[in-house]
Structures are given as C-alpha cells and as structure tokens.
Amino acid sequence: MTGFRRPPLLLLVPAVLGLAFLVVPLAGMLVRAPWTRIVSDLAAPGVWDALRLSLICATLATVLATVLGVPLAWLLARSDVPGRGLIRALVTVPLVLPPVVGGVALLLVLGRRGLIGEHLNTWFGISLPFTTPAVVLAEAFVAMPFLVLAVEGALRAADSRYEDAAATLGAGGWYTFRRVTLPLVAPGIAAGAVLAWARALGEFGATITFAGNFPGTTQTMPIAVYEALETDPDTAVVLSLLLLIVSIAVLVALRDRWVPTG
Amino acid sequence: MRKLLVGILAVLALAACGTANEPGSSPSGSPAAEIKGTITVLAAASLTETFTKLGKEFEAQYPGTTVKLSFGASSTLAQQITNGAPAEVFAAASPSTMKQVTDAKSASGEPAIFVRNRLQIAVPQGNPAKITGLKDFANADLKITLCAKDVPCGTAATKAFDAAGITPKPDTYGADVKAVLTTVRLGEADAGMVYKTDVIAAGDDVDGLDFPEADKAINDYPIATLTEGPNQEGAKAFVEFVLSAKGQETFTAAGFDLP
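So the sequences go chain by chain: A and B.
What the first sequence shows, in UniProt numbering, is residues 1 to 262, in sequence order.
What the second sequence shows, in UniProt numbering, is residues 1 to 259, in sequence order.
See below:
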C-alpha cells in the first residue's frame, strides 16, 4: 500500500455521509423485507423466469455493445475521422437521455410502423417490439455508451508507441489492432463490459417502452419489480433483494478479477 | 464546513415544513368563501381528460383555488395514499382499489360512485388486422396488448374474457390503460382492451369496437376525500363538483355511463 495517508476530517465526513447515502436505502430494504414470506415469494412462478431473462439479455446486450462499441471507441481514440467531437457527443447522448426516450426512439424506428421496422416487417415478416431481441436491443442502446467511454479512456491511456513499433515492423492495421492494441486495452474492455452489463441488468425505461412487459419473453427483473409494486409491495421488496444480491455477487466477482483496484 | 452543512439542513427542513403547511384551512364560516388553496387530486389514468377539464372549471368557479392533478394506475395511487401522500381527493377506477384506501382509514368520508365505464376493443385507425371481436384476442399470430391483471382495466378485461370463455394470448401487459392505448395508437399492437372513454379520447388514431361481454365487466368509479389532505373544505367542494349535474355532463360527453 503506497500513498496511503490519514484522510483529513473535511474529506472523511462527507465521504462517510456519501457512503451512507448510497448504502442505507439498500440496507433499509433488508429491514423491511417480509422474511416469513420470502421463500414462498421466491417460489412464485415468474420470478426465476424474470431473473433468467434479465441475466441472459444483459449478457447478450453486453456482447452486442462490445462487438460494436470497441471499434467505435478505437475510432474515437486512434483515428482522424472528421467531426470526432460530435461523434463523441452523440455516443454520450444515451447516457443523459431518460431511458424512456430511448425506448420511444427505438419504437419509432424499429417498431412495426417505424422507419426501418416497417421494411423489416413487410420484407422479412420481422416485428421486433414485445420480443426478447427487443429487450437486448433496448439494453444495448442504454449500456453501450458506458463501454465506449471506458474503452476510449483505456485506449488514450495506453502507449501508442507499441502500435507504431508494430507498424514499422510491417504489421498491417488489422493485425496491429488484433495482436497489439486489443491485448493492451483488454482490462479496459473488461471493465467497460462489466459496467455495461450492470447498466443493462438494471435497465427499465427503454425496455418497458420498446420491448413491453410479458412474463417469460420480455419481463425482466426491473419490470417484474415495477409490476409487483403496483399490486403487492412485499413481493417487490423480495424481488428487489434478489436482484440486488445477484448484481453485487457478479460485480464483486468480476471486478476483483478484471478491474485493477489500484 | 460543518456550520455550512447544518445551515443547509436547516434550510431544507424549513422548506419541507413550508410546503406541508401551505394550503390554508380555516374554520368554517360562509361555505363558498372558505374554499381556497390547493386541492391535490389523485385520479385513475382513465380520468385524465375529464378531470383535467373539471379541474379548470372548478378553478374558474372558485377563484383562489388551484387543483393539482396526478394520474396513474389506481393501484399505484392507492399505494401512494396509504403511504402518506398528502392529497385531498382520490378517484379510483374500481371499488377494490378504493377499498385499499378505506381499509387503511385514509378516506375521510364514504366513497361515492360517480361514473361507470365499459370496455371496448381498441384497434389502430382503420382496423388493419380486421379484428371483429373478443375471439381475436386468442389468436397468437396477432399482436395483443392488455392491462396488467391487477390494475382495474386488467381485472375488468379478465371478467369479460371469462364471461366469453376465451383465453387471451397477449404479447405485452401495459402498466395502466393509457400504456395499452399508446401501444395501439402507435400501431404496434393489432388490438388492445381499454375503456370506451379512452378510445374516444384518442380521437382518430384509434377505432373502438363494442362487444357483448362488456356488459359483464362494467367498472364503477368511486371518489372519496382523504384524511391526510390539509384542505378538507376544498376536498369536499371538489367531490361535490364532480357529483354535480355539470360534472356528470362532462363525463357523459366523454363516453362514461352514469351510475
């Protein structure tokens, strides 16, 4: 442990308050949890469907965001495309946009009567809304900016002289990217993917707007919690706890493995 | 720094007290003169258009009053009320959601049924999927949307399907009736089950189809004043206004039936 020093009180007090602000509401759920019913609530049909769907869709959304997002991050960090500032701003938009707006946008473009969706429907008979792929798309839309920004940061921090050296030794652009750049920023990509996965797992607004709410196909955990809250708040607490425990478990496992903790 | 923190907290605390005490409820005198201040009304999503109109008319009739409206699924609103939301009036889309509020002793008077609503099948303009009746809801090839089972429009729809002996095959459940309507309005669903009033409110975007089983699933709408509301006089006046001939006219014009 280098660089450890005793924190000044002026930093320590707000830091502890900040931590409490984030943790106390979650701990409060434990207090309010109806422990006597927890087993029967968890055994209710639909709970595990929703959790399974959440985990699968968040993972697929992360894969999609990685496949598209890493090249996009490379474009932003390494190339001389014109209007890079504008591209970066556009990539950031889904971060600040209310997710519901993202869902509306997806619906208007990929919906059955949407700009692109109309052709998907008439030519191929594909209708995306209210399907599991729509959940993946909605989650990827919201989660991809996290990955792109994380990977772009990693690329900027990485030493580009290795890539220059590879180029002078005769390696082509694609070969350099694959054999030099990717291994160099792998931890950054992993960290970005973990962030994106976590964001996708908690996605609600875009999902319910674009993918809808049907048990088994589009009802993810956040939507199941929302619906339970309408009818039976105790069940909502149980479902929230389950999602919380799963997310913390996965995040802790992945972060320790992939993200340098300094 | 700590002084600053304490200061901020004190200001926040004062602000919180300020809003809680705001509406002036004064002791009784000449009744018409006492009705002023803010009246917060929580109403079922299906009352959005009529209550917005009634709120404006009420404010015109009682200068000095402000009607604050909040619309949502009746069950959500009932939750908010029993959790202490400071509102004056609750108008629910079903007696069972109102019962949650009366059971929690959050309503100050007996709820009164002020309108009833019947279901209609909503289809996008021109009915592109050629929906003819309830039986189409069992067709898995069609895109179907229903209200979530536990919100009043969903409960009513379940009654209608049970009466007809049909098992619907929905593709998605809307959180409230307006969510279902929006899906139909955008043309993303071939058919949805909503109230007749919602179809009328949606104008040309949506066509409505009557079906005989709707008679088995009439929804009564109760209204009540709430104990938590600081402006009790205003609350009573608003409920009376809703039950008045003028109020009832607004509802029938919007497609509601009278009790």
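Glycine included, every Cβ here is placed at the ideal spot set by N, Cα and C.
This structure is a prediction, so every number in the text was calculated from the model and none was measured.
Relative to the Cα of residue 212 of chain B, the nearest Cα in the group B/107, B/119 and B/200 belongs to B/119. Ranked by Cα distance from residue 255 of chain B, the first of B/201, B/163 and B/188 is B/201.
The continuous beta strand (DSSP E) containing residue 72 of chain B extends over residues 65–72. Looking at the backbone, the Cα of residue 248 of chain A and that of residue 255 of chain A are separated by about 10 Å. Under the three-state reduction of DSSP, residue 174 of chain B is assigned to strand. With contacts defined as CB atoms closer than 7 Å, residue 69 of chain B and residue 250 of chain B fail to qualify as a contacting pair. Only those residues of the stretch 156–183 of chain B whose C-beta falls short of 8 Å from the nearest C-beta of chain A are listed: 170, 171, 172, 173, 174, 175 and 183. Interface criterion not met: the Cβ of residue 43 of chain B is under 7 Å from no Cβ in chain A. Counting other Cβ atoms within 10 Å of its Cβ, residue 70 of chain A reaches 16 or more and is therefore classed as buried. Under DSSP, residue 38 of chain B forms a beta bridge with B/66. Counting C-beta pairs with one atom in each stretch, the stretch 119–132 of chain B and the stretch 164–178 of chain B have fewer than three that are closer than 8 Å, which means they do not touch.
Interface with chain B (7 Å Cβ-Cβ cutoff): residue 121 of chain A is excluded. Burial state of residue 131 of chain B is buried, judged by a 10 Å Cβ sphere holding 16 or more other Cβ atoms. Annotated three-state conformation of residue 145 of chain B is strand, per DSSP. DSSP, read as helix, strand or coil, puts residue 117 of chain B in strand.
Taking a beta-carbon distance threshold of 7 Å, residue 222 of chain A does not count as an interface residue toward chain B.
At a cut-off of 7 Å between beta carbons, residue 93 of chain B makes no contact with chain A. Taking the Cα positions, residue 217 of chain A is about 14 Å away from residue 138 of chain A. In this structure, residue 73 of chain A lies near residue 148 of chain A, with their beta-carbon atoms less than 7 Å apart. Counting the other Cβ atoms within 10 Å of the Cβ of residue 134 of chain B gives 16 or more, which makes it buried. Between the alpha carbons of residue 175 of chain A and residue 140 of chain B lies a distance of about 50 Å.
A residue is called buried once 16 or more other Cβ atoms fall within 10 Å of its Cβ, and residue 15 of chain A, having fewer, is exposed. Residues 131, 191 and 207 of the same chain have their beta carbon placed closer than 6 Å to that of residue 123 of chain B, with the five preceding and five following residues left out of the count. If the five residues before and after residue 169 of chain A are omitted, its C-beta is found closer than 8 Å to no C-beta atom of its own chain. At a Cβ-Cβ threshold of 7 Å, residue 65 of chain B and residue 57 of chain B do not count as neighbours.
Excluding sequence positions up to five before and after residue 223 of chain A, its CB lies within less than 7 Å of the CB of 204, 207, 208 and 213, all in the same chain and listed in chain order. Each residue's CA atom was taken as its position, placing residue 91 of chain B and residue 215 of chain A some 30 Å apart. For the stretch 83–108 of chain A, the residues whose beta carbon sits under 7 Å from a beta carbon of chain B are, in order, 107. For a cut-off of 8 Å, the C-beta gap from residue 177 of chain B to residue 153 of chain B is around 4 Å, short enough to register as a contact.
By alpha-carbon distance to residue 217 of chain B, the top candidate from B/205, B/36 and B/162 is B/162. Close partners of residue 143 of chain B in chain A (Cβ separation under 9 Å): 112, 127, 129 and 130. Residue 108 of chain A and residue 144 of chain A have their alpha carbons spaced roughly 20 Å apart. Among the residues of the stretch 206–219 of chain A, those with a Cβ less than 7 Å away from any Cβ of chain B are 212, 213, 214 and 218, in the order of the chain. Beyond the five residues adjoining it in sequence on each side, residue 244 of chain A comes within less than 8 Å, by CB distance, of 26 and 29 in the same chain, given in chain order. In this structure, residue 130 of chain A and residue 171 of chain B form a Cβ contact; the two beta carbons are roughly 4 Å apart against a cut-off of 8 Å. Sequence-distant Cβ neighbours of residue 100 of chain B in its own chain, meaning closer than 6 Å and more than five residues away, are 78.
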